[in-house]
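J.: Sharing a structure with you now.
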């Protein structure tokens, strides 16, 4: 049995396209409707109530496409909006925090989490990791400059390397595993590795793609056959964001539809 | 004659507080109602229609306080929303681009303008400078990382210095005067001066404060007497933004009222 309905993916902007990239690598036949709330990004600096409200509005919009599954491809929105959206959505909902936290909980030593201010303040990673490993030592670190550095395209760059070093210097030296707790960060991989060559990285987007595959397999709901279609909806059509988005996705964005939520 | 009604100041976030700082230094008796649209910041990455719509909404909200004057303390909103707001507002409106451009037009050699992507794309500075000096050589440069560096509080910092150098390297070496075309930039003054010790700087916020004083004097509408009150309205109450805002303002923000627009 196959389910040809699309997967709805939601992010505050275009960072979630790194999650779509991981999804399309793992599940190339799935159709995807991506909604980026580019008019109101970033969510990382906003408060709980605002982010929760925006997440519910995005879920309602994606519902029009009758999705078989919703993915919140934004750590901040997962931290603040996942529970509310799970209650309201007819489709199952997967966030990007739980899957990454599940991997982090398996690490024997202390774990660091790099994320936005709002994700830090939610305490979502610590909670999710400790649920699975109550004795885990978790150090969460807000890195507000990494999103703009990624959006500037300074992926492999000495300023990015230096900025990462500055942030990570605040963590205890015993930390040898870092969770990339923001969907923008995977594009900075080259700089992250130059800043800390010995570090192991957990990519929350790749972990989420794995969780999606697991859920669709369990429910016999994978789509088979030809490469799935992709539809991109943005709340603001800034051409620069579309250009950055293509780099995050690793392929052309194609025609973008502008929506108001 | 005095006019004790407040000045309404609008910005996409807390950057406009550097303009309020300049206003309070120059016109300490004026009462100010500040509206920061922190739920929807930054405007710098958004498109014309979105910014214009948000600016009109902000103007409508400030109208409730019966302002004698509105100041758009945001270069991006000035570039995209000033004309529309001038048409709709009962009070006169001053943006931050015209006053800075008027000073830049007096510079004999080429002038550089550092600003956001949206301000760059509007062409507003070039247009405003050339209206006053048709032969002016104007080089406009988008510097997307400077806002997050300012909000991170890395005011006087080697990473900020290096980032400024990287951006300014794209300008012809003959440029010896730079307009700070974003209200966040004045707090980076120490880094700007370290990056380019020989450069002259035009602060668009200080220029705007001068224009406000001129207009109020001409209209006999200055408020006299004790230090004016300040009321701060934000569309999102993030505590970190309030902390950053205090640093931009150079004094405590006081009680912040949360509003929805």
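Chains as they are written, first to last, in this note's numbering: chain R, 1 to 261; chain C, 1001 to 1261. In this text, a Cβ means the ideal position worked out from N, Cα and C, and glycines have one as well. As the structure is a computational prediction, the values presented were derived from the model and not from experiment.
Can you have a look at residue 12 (chain R) and say buried or exposed, based on whether 16 or more other CB atoms are within 10 angstroms of its CB?
T.: The residue in question, residue 12 (chain R), is buried, as its Cβ has 16 or more Cβ neighbours within 10 Å.
J.: State the start and end residues of the unbroken alpha helix (DSSP H) segment that holds residue 100 (chain R).
T.: 97-104 is the extent of the alpha helix (DSSP H) around residue 100 (chain R).
J.: Taking 8 angstroms as the limit between beta carbons, can you name the residues of its chain near residue 1212 (chain C), skipping five residues before and five after?
T.: Answer for residue 1212 (chain C): 1007, 1023, 1026, 1027, 1069, 1071 and 1094, listed in chain order.
J.: Compile a chain-ordered list of the residues in the segment 34-61 of chain R whose CB is closer than 7 angstroms to at least one CB of chain C.
T.: So the close ones are 39, 40, 45, 46, 47 and 50.
J.: How many Å lie between residue 225 (chain R) and residue 231 (chain R) at the Cα?
T.: Residue 225 (chain R) and residue 231 (chain R): Cα-Cα distance of roughly 18 angstroms.
J.: Cα-Cα, which of R:245, R:258, R:127 and R:137 is closest to residue 151 (chain R)?
T.: Looking at the Cα atoms, R:245 is the closest of the given residues.
J.: Would you kindly check if the distance between the Cβ of residue 1050 (chain C) and the Cβ of residue 37 (chain R) is under 8 angstroms?
T.: The answer is no: Cβ separation not under 8 angstroms.
J.: Could you tell me the alpha carbon to alpha carbon distance between residue 1234 (chain C) and residue 181 (chain R), rounded to whole angstroms?
T.: The straight-line gap from Cα to Cα measures roughly 28 angstroms.
J.: Give the interface partners of residue 1166 (chain C) over in chain R, defined as CB-CB distance under 8 angstroms, in chain order.
T.: Simply 159.
J.: So which residues on chain R does residue 1140 (chain C) lean against when the C-beta distance must stay under 8 angstroms?
T.: Within chain R, no residue comes near residue 1140 (chain C); the closest Cβ sits about 15 angstroms away, beyond 8 angstroms.
J.: With a threshold of 7 angstroms on Cβ separation, who are the neighbours of residue 1042 (chain C) within its own chain once the five nearest residues in sequence on each side are excluded?
T.: Answer for residue 1042 (chain C): 1012, 1013 and 1147, listed in chain order.
J.: Go ahead and pull the three-state DSSP assignment for residue 224 (chain R).
T.: Here residue 224 (chain R) sits in coil by DSSP.
J.: Report all residues from its chain with a CB closer than 6 angstroms to the CB of residue 1100 (chain C); omit the five preceding and five following residues, and keep chain order.
T.: Taken in chain order, the residues that qualify are 1179, 1202, 1204 and 1207.
J.: Tell me the DSSP secondary structure of residue 1257 (chain C) in three-state form.
T.: Strand at residue 1257 (chain C).
J.: Under a CB-based cut-off of 8 angstroms, is residue 1237 (chain C) close to chain R?
T.: Answer yes: the Cβ-Cβ gap between residue 1237 (chain C) and chain R drops below 8 angstroms somewhere.
J.: Using a Cβ-Cβ cutoff of 7 angstroms, what residues of the segment 115-131 of chain R are near chain C? List them in chain order.
T.: So the close ones are 117.
J.: Name, please, each residue of chain R whose Cβ falls closer than 8 angstroms to the Cβ of residue 1240 (chain C).
T.: Residues of chain R passing the Cβ test: 45 and 117.
J.: How would you write the range of the beta strand (DSSP E) that residue 176 (chain R) sits in, first residue to last?
T.: Counting along the chain, residue 176 (chain R) falls outside any beta strand (DSSP E), and DSSP gives it neither H nor E.
J.: Against chain C, which members of the segment 65-88 of chain R pass a CB distance test of less than 8 angstroms?
T.: Correct list: empty, as no residue qualifies.
J.: Could you pull out every residue in the same chain whose Cβ sits closer than 7 angstroms to the Cβ of residue 1260 (chain C), ignoring the five residues on either side in sequence?
T.: If we look at residue 1260 (chain C) and ignore the five residues flanking it on each side, its Cβ neighbours are 1235.
J.: Please list the terminal residues of the continuous alpha helix (DSSP H) segment that includes residue 248 (chain R).
T.: Here the alpha helix (DSSP H) through residue 248 (chain R) covers 239-249.
J.: Going by the CB atoms, is the gap between residue 1080 (chain C) and residue 1052 (chain C) shorter than 8 angstroms?
T.: In this structure, residue 1080 (chain C) lies closer than 8 angstroms to residue 1052 (chain C) by Cβ.
J.: Tell whether a beta-carbon distance below 8 angstroms holds between residue 1192 (chain C) and residue 1149 (chain C).
T.: Not a contact, by the Cβ cut-off of 8 angstroms.
J.: Give me the Cβ distance between residue 1159 (chain C) and residue 126 (chain R), rounded to the nearest whole Å; I'm assuming they're in contact under 8 angstroms.
T.: Their Cβ separation, rounded to whole angstroms, is 28 angstroms, which puts residue 1159 (chain C) and residue 126 (chain R) out of contact at 8 angstroms.
J.: Run through DSSP, which three-state label would residue 1167 (chain C) get?
T.: Three-state result, residue 1167 (chain C): helix.
J.: What do you reckon, are the CB atoms on residue 1223 (chain C) and residue 1066 (chain C) nearer than 8 angstroms?
T.: Result no, Cβ atoms of residue 1223 (chain C) and residue 1066 (chain C) do not sit closer than 8 angstroms.
J.: Output yes if chain C places a C-beta closer than 8 angstroms to the C-beta of residue 28 (chain R); else output no.
T.: Output row for residue 28 (chain R): interface = no.
J.: What does residue 149 (chain R) touch in chain C if you count any residue whose Cβ is under 8 angstroms from its own?
T.: Chain C residues near residue 149 (chain R): 1145.
J.: Name the chain R residues that come within less than 7 angstroms of residue 1162 (chain C), Cβ to Cβ?
T.: Within 7 angstroms Cβ-Cβ: 159.
J.: Less than 8 angstroms separating the beta-carbons of residue 82 (chain R) and residue 185 (chain R)?
T.: Their beta carbons are not under 8 angstroms apart, which means residue 82 (chain R) does not touch residue 185 (chain R) by this criterion.
J.: Does the separation of the CB atoms of residue 45 (chain R) and residue 117 (chain R) fall below 8 angstroms?
T.: A contact, by the Cβ cut-off of 8 angstroms.
J.: Kindly indicate which three-state DSSP category residue 77 (chain R) falls into: helix, strand or coil?
T.: Three-state DSSP puts residue 77 (chain R) in a helix.
J.: Are any of the Cβ atoms in chain R nearer than 8 angstroms to that of residue 1152 (chain C)?
T.: With 8 angstroms as the cut-off, residue 1152 (chain C) counts as an interface residue toward chain R.
J.: On the three-state DSSP scale, how would you describe residue 1145 (chain C)?
T.: Of the three classes helix, strand and coil, the one that applies to residue 1145 (chain C) here is coil, per DSSP.
J.: Tell me which residue opens and which closes the alpha helix (DSSP H) that residue 59 (chain R) is part of.
T.: Residue 59 (chain R) -> alpha helix (DSSP H) spans 48-63.
J.: Taking the alpha helix (DSSP H) that residue 120 (chain R) falls in, what are its first and last residues?
T.: Segment 117-122, the alpha helix (DSSP H) holding residue 120 (chain R).
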